[in-house]
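>
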Amino acid sequence: MEKIDKKIREIASKLLKEGKVKLIIGFEKGTLPLKARPTFVRKPEEVEKLIWSSLCENNLAVYIPFYRKQLDNAEKIGVIAKGCDTRSLILHIQENIAKREQIVIIGVPCEGMLDRKKIEREVTPGIITESTENDDSITVKGNGFEKTLKKKDFLCEDCIICSHRKPIVYDEIVDIEIKEPEGVDVLNKVNEFESKEPEERWKAFTEEVSRCIRCYACRNACPACYCNECFVDCSRPQWLGTTVDSETDLQLFQIIRTFHLAGRCVNCGSCSRACPMDIDISLLVSKLSTDAKQYFGYETGVDIEGKPVLNKYSEDDSNEGFFEER
Amino acid sequence: MKDSLKNVKYIEKDKILDFIKVLQKDYTVIAPKKVKDFVLFGELKDNEEPYLDFLNSRQSPKEFYFPQTETIVEYEGIIDKRVPKFSENDMKKRIIFGIRPCDVKSTLILDKLFVNEDYIDDYYKRLRDNTLIFSFGCNNPKTTCFCASFECGPFSEEGSDAFITDIGDKFIIEGITEQGNKIIDKLPDGDGGMLKKKKEIKKNSDNVVSCIENIQKIPEKLRGMFENPVWEEISERCLGCGVCTYLCPTCHCFDIQDEMIGEDGRRVKNWDSCMFPIFTLHGSGHQPREFRFQRMRQRIMHKFNYYEENFNIIACSGCGRCVTECPVNIDVREILEKIKKL
Ligand code: SF4
Ligand code: SF4
Ligand code: SF4
Numbered sequence: 082m083e084k085i086d087k088k089i090r091e092i093a094s095k096l097l098k099e100g101k102v103k104l105i106i107g108f109e110k111g112t113l114p115l116k117a118r119p120t121f122v123r124k125p126e127e128v129e130k131l132i133w134s135s136l137c138e139n140n141l142a143v144y145i146p147f148y149r150k151q152l153d154n155a156e157k158i159g160v161i162a163k164g165c166d167t168r169s170l171i172l173h174i175q176e177n178i179a180k181r182e183q184i185v186i187i188g189v190p191c192e193g194m195l196d197r198k199k200i201e202r203e204v205t206p207g208i209i210t211e212s213t214e215n216d217d218s219i220t221v222k223g224n225g226f227e228k229t230l231k232k233k234d235f236l237c238e239d240c241i242i243c244s245h246r247k248p249i250v251y252d253e254i255v256d257i258e259i260k261e262p263e264g265v266d267v268l269n270k271v272n273e274f275e276s277k278e279p280e281e282r283w284k285a286f287t288e289e290v291s292r293c294i295r296c297y298a299c300r301n302a303c304p305a306c307y308c309n310e311c312f313v314d315c316s317r318p319q320w321l322g323t324t325v326d327s328e329t330d331l332q333l334f335q336i337i338r339t340f341h342l343a344g345r346c347v348n349c350g351s352c353s354r355a356c357p358m359d360i361d362i363s364l365l366v367s368k369l370s371t372d373a374k375q376y377f378g379y380e381t382g383v384d385i386e387g388k389p390v391l392n393k394y395s396e397d398d399s400n401e402g403f404f405e406e407r
Numbered sequence: 069m070k071d072s073l074k075n076v077k078y079i080e081k082d083k084i085l086d087f088i089k090v091l092q093k094d095y096t097v098i099a100p101k102k103v104k105d106f107v108l109f110g111e112l113k114d115n116e117e118p119y120l121d122f123l124n125s126r127q128s129p130k131e132f133y134f135p136q137t138e139t140i141v142e143y144e145g146i147i148d149k150r151v152p153k154f155s156e157n158d159m160k161k162r163i164i165f166g167i168r169p170c171d172v173k174s175t176l177i178l179d180k181l182f183v184n185e186d187y188i189d190d191y192y193k194r195l196r197d198n199t200l201i202f203s204f205g206c207n208n209p210k211t212t213c214f215c216a217s218f219e220c221g222p223f224s225e226e227g228s229d230a231f232i233t234d235i236g237d238k239f240i241i242e243g244i245t246e247q248g249n250k251i252i253d254k255l256p257d258g259d260g261g262m263l264k265k266k267k268e269i270k271k272n273s274d275n276v277v278s279c280i281e282n283i284q285k286i287p288e289k290l291r292g293m294f295e296n297p298v299w300e301e302i303s304e305r306c307l308g309c310g311v312c313t314y315l316c317p318t319c320h321c322f323d324i325q326d327e328m329i330g331e332d333g334r335r336v337k338n339w340d341s342c343m344f345p346i347f348t349l350h351g352s353g354h355q356p357r358e359f360r361f362q363r364m365r366q367r368i369m370h371k372f373n374y375y376e377e378n379f380n381i382i383a384c385s386g387c388g389r390c391v392t393e394c395p396v397n398i399d400v401r402e403i404l405e406k407i408k409k410l
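What follows is the structure, encoded as structure tokens:
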């Protein structure tokens, strides 16, 4: 990891010194044992705080829309990006949030991010106070215990099924050898759920969503949810009630949000990780990703030259997705 | 609290359900329950045991005085036939069982706003008046617990009617108020040995739990800081979600909405969050808090300055929920330390 940190800092420092970018978004060490967090670097002397680890779970593309003003002023932003971040950045470029040359992508191949909650569960009732990461393991320490865990057993659910760990596009790259895992596909997650009876699926969905507290962390952590006015916030017309005592409103919020993400979600899992009620909301959106792949051979953000699936029409398009009878 | 009122009882751990059942004859019992891998407070059903092997609940139990959604009034036709959502005394009394001291402290903090000389929120007051508090000492404070900063602590009894301590094989329950004492009266008497055990546990917890030194200086410090550039620095990573405020036991902003079908409808109060981009958005389209730094400033100022100016108490009890659950690890402890140093 130290090698990667060093390389990231070198690249960041160079970009800032040469005036190629004004801002670099990356990760720094967090204040909690199993947390790295987004950080913002503007001066070459600040690059020392940049780090890389298996705890860099946030999709940093989420910040790009916050800088629309700067982007309108032709400023450039550097982003330290793993596979999924680059896919979301491509989405932003395709949706005209930024021009390709305005985003300087510092690619870092990713080996999957760790799920903090899974690790905490593993050592319960122990309370983790410290963690150190090695190549394929992580050691956690706390009040009277120490445990070394294999990273591959504690990956985030959406990282397990990720088949695009290498940055898709980049301007600078931190060279590390990784292999894209074989035989993994978002489909794996969706299929398991889809194999259940409809009643069972509906029950699972409604039960999960009934815990929703409408904090909108799922939406706000999502790089593709950047509407100036989200439909849930709109009051004229009001598309949706604002209470938590209407189950329908909770369900509709997620269903509509899912449809807004059709062909736009990159399955980074940010929504699920952000949810304080542990609702695995990415499952729902994943279904539309698999549909896009199955019916249109499309994956979000893997081809910067291409057009988003809902922005193009071809006579050869499959009709199945629309007219399939169930 | 007078010593003569103090009543020490105990209960074997495997008898807890029996005790709950006794309570349930006269009270609705709200207690920690396991939901997936975490804990939330909720009403215990018949034969349901409380889940007491927990550090703290993911969400604070403030919703039991200050529900996330609360109907204020229902109406038919244009406003003239208004029916308030409750008639005065139709509510079964409740016990919140197993609530942590920080969350009790937060309740006391909220009381100052909702029930004071100038204004009484009847909805809050009614729920509050009908609720007894059986609080639960913390044998294992989390690393993110900093209640000791706020005249609270893992074994603070302030605001409780009875206080529960886990001493291994048993719980001891101490009556604090008259009402609390009356309820636990039938339980077997505890002894000095049990109290001694509690004392040891308490000592350990008090040693472990964190404390932000000189927190009393923060309100004064913040007074001159409205225009400070630090807010931009602190808020740059903020996503503007509602996690910190909705899990917070003291956040209390709400929004009022009418839900209507034709001319009939209801008026509801919903939680709101200063971190949301639409918070305080005017009907005209003007937004006085357009940027994230303004909203972050509002959150910190409200808790650590405005509230203190208005009610002489800081609106934080150190439960640490915003610290552990923020998706981007914005840490209020770090913010306070930073402010102190400025
Ligand atoms: S993050 Fe979870 S609780 Fe918050 S709005 Fe989304 S689904 Fe609901
Ligand atoms: S939880 Fe964190 S990201 Fe969300 S509003 Fe609060 S500080 Fe910002
Ligand atoms: S903050 Fe204090 S009272 Fe609250 S759970 Fe932690 S130790 Fe207990």
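Protein chains in written order, with the working numbering: chain A, 82 to 407; chain B, 69 to 410.
A virtual CB, placed ideally from N, CA and C, is assigned to each residue, including glycine.
No experiment lies behind these values; they were computed from the predicted model shown.
1. Can you grab the Cα-Cα spacing for the pair B/ILE398 / B/CYS306, in whole Å?
2. Does B/THR211 come within less than 7 Å of chain A when only Cβ atoms are used?
3. How long is the line joining the alpha carbons of A/SER370 and A/GLY164, rounded to whole angstroms?
4. Please confirm if the segment 177 to 190 of chain A is in contact with the segment 246 to 257 of chain A, defined as three or more CB-CB distances below 8 Å between the two stretches.
5. Can you find the residues in the same chain that come closer than 7 Å, C-beta to C-beta, to A/CYS311, ignoring five residues on each side of it along the sequence?
6. Pull up the DSSP beta-bridge partners for A/GLN335, would you.
7. Give me the subset of the segment 93 to 116 of chain B whose CB atoms are less than 9 Å from a CB atom of chain A, sorted by chain position.
8. In whole angstroms, what separates the C-alpha of B/ILE188 from that of B/GLY166?
9. Pick from B/ASN296, B/ARG196 and B/THR318: whose alpha carbon is nearest that of B/GLN127?
10. List the DSSP bridge partners of B/ASP340.
11. Could you check the C-alpha separation between B/LYS371 and B/CYS384 for me, to the nearest Å?
12. Leaving out the 5 sequence neighbours to the left and right, which residues in its chain are closer than 6 Å to A/LEU236 when beta-carbon positions are compared?
13. Chain A beta carbons: is any one of them nearer than 7 Å to that of B/GLN136?
14. Locate the beta strand (DSSP E) running through A/ARG118, then write down its first and last residues.
15. List the residues of chain B whose Cβ lies closer than 8 Å to the Cβ of A/VAL143, in chain order.
16. If we cut at 7 Å on Cβ distances, does B/LEU73 have a partner in chain A?
17. Please classify B/HIS354: is it buried, with 16 or more other beta-carbons within 10 angstroms of its beta-carbon, or exposed?
18. Can you tell me where the alpha helix (DSSP H) holding B/ASP171 begins and where it ends?
19. Name the two residues that bound the continuous beta strand (DSSP E) containing B/MET328.
20. Any beta carbon of chain B sitting closer than 7 Å to that of A/ARG197?
21. Between which residues of its own chain and B/LYS101 is the CB-CB distance below 8 Å, once the five residues before and five after are set aside?
22. Leaving out five residues before and five after B/LEU349 in sequence, what residues of the same chain have Cβ atoms less than 8 Å from its Cβ?
23. For A/ILE209 versus A/PRO114, is the C-beta spacing smaller than 7 Å?
24. Once DSSP output is grouped into helix, strand and coil, what is the label at B/GLU268?
25. Does A/ALA93 have its Cβ less than 7 Å from a Cβ in chain B?
26. What would DSSP say about B/ILE403, mapped onto helix, strand or coil?
27. Provide the residue(s) that pair with A/LEU104 in DSSP beta bridges, ordered along the chain.
28. Which word fits A/LYS270, buried or exposed, when buried means at least 16 other C-beta atoms lie within 10 angstroms of its C-beta?
29. Our contact map puts A/ARG123 next to A/GLU109 with C-beta atoms below 8 Å; I'd like the distance itself, whole angstroms only.
30. Give a yes or no on whether 7 Å exceeds the smallest Cβ distance from B/MET69 to chain A.
31. In chain order, what residues of the same chain have a beta carbon less than 6 Å from the beta carbon of A/CYS349, not counting five sequence neighbours either side?
So, from the data block:
1. Rounded to the nearest angstrom, the two C-alpha atoms are 7 Å apart.
2. yes
3. Taking the straight line joining both Cα atoms gives about 16 Å.
4. Contact between the segment 177 to 190 of chain A and the segment 246 to 257 of chain A is present, because at least three Cβ pairs lie under 8 Å.
5. Once the five neighbours on either side are set aside, the close Cβ partners of A/CYS311 are ARG300.
6. Bridge partners of A/GLN335: none, in fact.
7. VAL103, LYS104, ASP105, PHE106 and LEU108
8. One C-alpha to the other measures close to 27 Å.
9. B/THR318
10. B/ASP340 is not bridged to any residue.
11. 6 Å
12. Counting only Cβ-Cβ distances below 6 Å, and skipping sequence neighbours, we find GLY193.
13. yes
14. 117 to 122
15. LEU307
16. A caution first: B/LEU73 carries a pLDDT of 41, below 50, which makes its placement in the model unreliable, though a value can still be read off. Interface criterion not met: the Cβ of B/LEU73 is under 7 Å from no Cβ in chain A.
17. exposed
18. 169 to 182
19. Segment 322 to 329, the beta strand (DSSP E) holding B/MET328.
20. no
21. VAL107, LEU108, PHE109, GLY110, LEU112, GLU116, PRO118 and TYR119
22. GLN355
23. yes
24. helix
25. The C-beta of A/ALA93 comes no closer than 7 Å to any C-beta of chain B.
26. Annotated three-state conformation of B/ILE403 is helix, per DSSP.
27. A/ILE158
28. buried
29. The pair is not a contact, with the Cβ atoms about 14 Å apart (cut-off 8 Å).
30. Confidence is the limiting factor: at B/MET69 the pLDDT is only 37, short of 50, which leaves the residue's position unreliable and the question unanswerable from this model.
31. ASN140 and CYS165
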